Amino acid sequence: MQILEETSRTLNEFLLLPGLTTRECTPQNVDLTTSLVRHRVGETSAVRVATPLVSAIMQAVSSPGLAVALAEMGGLSFIHQNQSVASQAEEVRQVKAHRAGFRTSEVAVKPTATLGEVALLLAEADQGLAVVTDDGDPAGAFLGVIGVEDFHTRRHGADQAVTTRMRRREALRTAPPSITLSEANEVIWDERLDVLPVVDGDRLVSLVLKADYQAHKTFQHASIDAQKRFRVGAGINSRDFEERVPALVEAGADLLCLDSSDGYSEYQAETIAFIRQKYGDTVFVGAGNVVEGRAFRYLAEAGADFVKVGIGGGSICITRDQKGIGRGQASALIDVVRERDAYAAETGIYVPVCCDGGLLSDSHVAIALAIGADFIMLGRYFARFDESPSRKVQVEGQYFKEYWGEGSRRAQNAARYGQSDAIAFEEGVDGYVPYAGSLYDQVALTRAKLTSTMISCGARTLRGFHEDAKLVLVSERSYEQNSAEVRLRVPAGE
8 MQILEETSRT LNEFLLLPGL TTRECTPQNV DLTTSLVRHR VGETSAVRVA TPLVSAIMQA
68 VSSPGLAVAL AEMGGLSFIH QNQSVASQAE EVRQVKAHRA GFRTSEVAVK PTATLGEVAL
128 LLAEADQGLA VVTDDGDPAG AFLGVIGVED FHTRRHGADQ AVTTRMRRRE ALRTAPPSIT
188 LSEANEVIWD ERLDVLPVVD GDRLVSLVLK ADYQAHKTFQ HASIDAQKRF RVGAGINSRD
248 FEERVPALVE AGADLLCLDS SDGYSEYQAE TIAFIRQKYG DTVFVGAGNV VEGRAFRYLA
308 EAGADFVKVG IGGGSICITR DQKGIGRGQA SALIDVVRER DAYAAETGIY VPVCCDGGLL
368 SDSHVAIALA IGADFIMLGR YFARFDESPS RKVQVEGQYF KEYWGEGSRR AQNAARYGQS
428 DAIAFEEGVD GYVPYAGSLY DQVALTRAKL TSTMISCGAR TLRGFHEDAK LVLVSERSYE
488 QNSAEVRLRV PAGE
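Residues in the sequence shown are numbered from 8 upward in steps of one, following the working numbering.
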């Protein structure tokens, strides 16, 4: 037995001391770009993102829809592995089918569909345009498009067929798959088009919309690959990796991550070894979770491209209660970051660290980055948004989103928790989180807060933030001082 002479600290126990804010420390000069995978010190990582946030490998969080939205905002999602290999690979393909500025058809109908049916489908999907194919499948033969500006159900009759108001393919200006986004936008503006279908033979590949032009400018930090497809990650486990990994690689996953509550194991090393033997360094794989430096080094030496830190700190995780295993997230990060930097100094290889869990607010994200995390994985944060796959429900007059842990009976993710074929005991809970609206708005707000914090600390890059940050422990008396009750003014009429 060994007892460490430390107090296990959470992120909530620290505050940052302000640094000198220079004239160069402006929002335009702050760069939140970070590395996701290992690289030589002084060189650029092969996978980088402009927003240091990734979504957790959870059923209630990382759907293809959320993955696209987060990639647009400069982050990245990990499609969960608690599903069949074929299903997970298909979800990865759905994300990779999106190119920045090129929409895939979200609403497709048969030519025999009625205008009323189209109107309902467009309203449900919150879209303005549907494609018409011979069989109503997006992959069917492309016949044309119909949008909300092409008909009015009262004027033209809700029971009329789509063919009475659709714009037929032969009358549309189309483009080949080789067209670039800048070329497509030039065609749209020069020829005064509202839509440019990109076709390959009789199949629709994608749509470029004039209405998206401003959005393209807004999402200038989108996470994209060399083909301008959105980046996406995928979770794997140490059981069926020989089947799952090849399927995910073929589907186009940009990076993989071993999804386990405790990653300090020979099973993870064996999984990484399989990937290295089969693909060399062309496939990126993260490992974890760990809470101390020796575990980080074990996985780094095994070939992990990044290492996740955190056991028992998640908002829906009860591993500490059930098994007595874990560590305060701040203490875990401090130890692992120290080992990461030592490993980089010894080997010349920098292995990024991901903070996973123990974050209840945007200020905790800032503290974790200051301690040295390269990027942050969040579950509860993303589960609250419109784009997450869980249901929005009303409870006692307030809206919530369903949220459950991968260690709960609802998830039945035995592979993640090392249990046999079924969950013998739960390490996660099943509940609700307050609904928070759009991912786009909230991620932009989080970015703004991080930028402001870095400016106050005199930092313009995340690496500089970590190197120069000064943190101080917060006493219980400090908490009391910050918790004095103030009755908030309620605006008139509310």
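The C-beta atom is built at its ideal place from N, Cα and C for all residues, glycine as well.
What you are looking at is a predicted structure, and each value in this text was computed from that prediction instead of being measured.
Whole-angstrom Cβ separation of residue i and residue j, contact assumed at under 8 Å?
{"i": "Ala182", "j": "Asp144", "result": "In fact, because the Cβ distance is near 22 Å, the residues do not count as touching under 8 Å."}
{"i": "Val206", "j": "Val215", "result": "Contact flag wrong, Cβ pair sits at about 12 Å."}
{"i": "Arg391", "j": "Pro441", "result": "6 Å"}
Could you give the DSSP three-state label for residue i: helix, strand or coil?
{"i": "Phe432", "result": "Below a pLDDT of 50, predicted positions are generally treated as unreliable, and Phe432, at 47, falls in that range; no measurement from the model is reported."}
{"i": "Thr181", "result": "coil"}
{"i": "Asp232", "result": "coil"}
{"i": "Gly471", "result": "helix"}
{"i": "Asn296", "result": "strand"}
{"i": "Lys477", "result": "coil"}
{"i": "Thr171", "result": "helix"}
{"i": "His46", "result": "strand"}
{"i": "Tyr424", "result": "Confidence in Tyr424 is poor, its pLDDT being 48 and thus under 50, which makes the residue's placement too unreliable to answer from."}
{"i": "Lys408", "result": "strand"}
{"i": "Phe291", "result": "coil"}
{"i": "Ile10", "result": "coil"}
{"i": "Ala418", "result": "Confidence at Ala418 is low in this model, with a pLDDT of 46, below 50, so the placement of that residue is unreliable and no value is reported for it."}
{"i": "Leu366", "result": "coil"}
{"i": "Arg55", "result": "strand"}
{"i": "Ile332", "result": "coil"}
{"i": "Gly240", "result": "strand"}
{"i": "Asp38", "result": "strand"}
{"i": "Tyr357", "result": "strand"}
{"i": "Phe158", "result": "coil"}
{"i": "Ala466", "result": "coil"}
{"i": "Ala146", "result": "coil"}
{"i": "Ala115", "result": "strand"}
Leaving out five residues on either side along the sequence, give the residues of the same chain with a beta carbon under 8 Å from the beta carbon of residue i.
{"i": "Asp369", "result": "Leu452, Thr453, Lys456 and Leu457"}
{"i": "Ala148", "result": "Thr140, Asp141, Asp142, Asp209 and Arg210"}
{"i": "Thr160", "result": "Leu122, Gly123 and Ala126"}
{"i": "Arg106", "result": "Leu188, Ser213, Ile231, Gln234, Lys235, Arg236 and Phe237"}
{"i": "Leu200", "result": "Arg180, Val194 and Lys217"}
{"i": "Cys32", "result": "Met461, Ile462, Gly465, Ala466 and Arg467"}
Take residue i as the anchor and find which of the options has the nearest alpha-carbon.
{"i": "Val125", "options": "Leu385, Glu394 and Ala165", "result": "Ala165"}
{"i": "Gly364", "options": "Ser338, Thr354, Asp393 and Ala96", "result": "Ser338"}
{"i": "Asp157", "options": "Val169, Leu366 and Gln234", "result": "Val169"}
{"i": "Tyr357", "options": "Ala377, Arg470 and Val139", "result": "Arg470"}
{"i": "Ser230", "options": "Thr40, Ala443, Ala130 and Glu13", "result": "Thr40"}
{"i": "Glu394", "options": "Ser62, Arg30, Glu177 and Arg55", "result": "Ser62"}
{"i": "Ala96", "options": "Thr29, Ile186 and Ile243", "result": "Ile243"}
{"i": "Tyr286", "options": "Ala241, Tyr305, Glu403 and Gly310", "result": "Gly310"}
{"i": "Glu353", "options": "Glu308, Ala390, His371 and Ala130", "result": "Glu308"}
{"i": "Arg4", "options": "Leu150, Gln66 and Met65", "result": "Any answer about residue 4 is impossible in this case: the structure gives the chain only from 8 up to 501."}
{"i": "Ala93", "options": "Val256, Glu277 and Gly386", "result": "Val256"}
{"i": "Gly240", "options": "Gln227, Glu250, Lys217 and Leu265", "result": "Leu265"}
{"i": "Pro359", "options": "Asp261, Gly319, Leu306 and Phe407", "result": "Leu306"}
{"i": "Met502", "options": "Glu190, Tyr439, Ala191 and Gly154", "result": "Any answer about residue 502 is impossible in this case: the structure gives the chain only from 8 up to 501."}
{"i": "Phe109", "options": "Gly135, Lys217, Arg467 and Glu277", "result": "Lys217"}
{"i": "Ala74", "options": "Ala137, Leu385, Val402 and Tyr406", "result": "Leu385"}
{"i": "Gly379", "options": "Arg30, Ala280, Ala191 and Leu340", "result": "Leu340"}
{"i": "Glu20", "options": "His371, Arg387 and Asp475", "result": "His371"}
In terms of residue numbering, what span does the beta strand (DSSP E) encompassing residue i cover?
{"i": "Arg210", "result": "Arg210 to Leu216"}
{"i": "Ser69", "result": "Careful: Ser69 lies outside any beta strand (DSSP E) and carries neither H nor E."}
{"i": "Val316", "result": "Phe313 to Val316"}
{"i": "Pro204", "result": "Val202 to Asp207"}
{"i": "Leu265", "result": "Leu262 to Leu265"}
{"i": "Leu150", "result": "Phe149 to Gly154"}
{"i": "Phe382", "result": "Phe382 to Leu385"}
{"i": "Leu86", "result": "Residue identity check: residue 86 is Ile in the sequence provided, not Leu. Residues Leu83 to Ile86."}
{"i": "Phe21", "result": "Phe21 to Leu23"}
{"i": "Lys399", "result": "Lys399 to Val402"}
{"i": "Ala137", "result": "Leu136 to Thr140"}
{"i": "Val61", "result": "Leu60 to Ser62"}
Can you list, in chain order, the residues of its chain whose CB lies under 7 Å from that of residue i, leaving out five sequence neighbours each side?
{"i": "Gly355", "result": "Arg47 and Val48"}
{"i": "Thr17", "result": "Gly335, Gln336, Ala337 and Gly365"}
{"i": "Phe303", "result": "Val297, Val314, Val343, Glu346 and Arg347"}
With respect to the alpha helix (DSSP H) encompassing residue i, which residues constitute its N-terminal and C-terminal limits?
{"i": "Met461", "result": "Leu446 to Ser463"}
{"i": "Phe109", "result": "Where Phe109 is concerned, there is no enclosing alpha helix (DSSP H), given that its DSSP letter is neither H nor E."}
{"i": "Lys285", "result": "Glu273 to Tyr286"}
{"i": "Ser189", "result": "Leu188 to Asp197"}
{"i": "Ala96", "result": "Val92 to Lys103"}
{"i": "Pro253", "result": "Phe248 to Ala258"}
{"i": "Ala130", "result": "Leu122 to Ala132"}
Near residue i, what residues of its chain come up, given a Cβ to Cβ distance below 6 Å and the 5 sequence neighbours on each side ignored?
{"i": "Ala120", "result": "Val169"}
{"i": "Leu128", "result": "Val114"}
{"i": "Leu22", "result": "Val479 and Val481"}
{"i": "Ser52", "result": "Ser42, Val44 and His46"}
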